[in-house]
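Chemist: Counted from 1, the sequence shown has number 419 at position 5 by this note's numbering; the numbering is strictly sequential. Here a beta-carbon is modelled for each residue, glycine too, at the ideal position from N, C-alpha and C.
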Amino acid sequence: DISTPICIQIDLNRTLADVRQFLTENIPSLQSNKFEFMEPPSTKINRDSEKRKISDAKLLNSTLAVRRIA
Numbered sequence: 415d416i417s418t419p420i421c422i423q424i425d426l427n428r429t430l431a432d433v434r435q436f437l438t439e440n441i442p443s444l445q446s447n448k449f450e451f452m453e454p455p456s457t458k459i460n461r462d463s464e465k466r467k468i469s470d471a472k473l474l475n476s477t478l479a480v481r482r483i484a
């Protein structure tokens, strides 16, 4: 269920693309749906930024939201 918050602890050298892969492999409802990352309250993180390391993207200790897109 995507409405339940989950906590993921990852190495700072990982990327958001790694997080995306983890989510699609472990949350069945995300496997067939397109989604984007958002940094609350409403800042979209574009797909190009997903290639940057967590530390380079300044997302240390961050909370990210996943929003389904059409």
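Go through its chain and collect everything with a Cβ distance to R428's Cβ below 8 Å, but skip five positions before and after it.
Modeler: Around R428: K467, I468.
Chemist: Within the same chain, show all residues whose beta-carbon is closer than 8 Å to that of A484, passing over the 5 residues directly before and after it, in chain order.
Modeler: Closer than 8 Å at Cβ, skipping near neighbours: K448.
Chemist: Relative to the C-alpha of M452, which candidate in Q423, V433, I441 has its C-alpha closest?
Modeler: Minimum Cα distance to M452 is reached at V433.
Chemist: Which first and last residues belong to the beta strand (DSSP E) in which T457 is found?
Modeler: Counting along the chain, the beta strand (DSSP E) containing T457 begins and ends at 457-459.
Chemist: Return the chain-ordered list of same chain residues with a C-beta closer than 8 Å to the C-beta of I422, the five sequence neighbours on each side being excluded.
Modeler: Excluding sequence neighbours, I422 sits near V433, F436.
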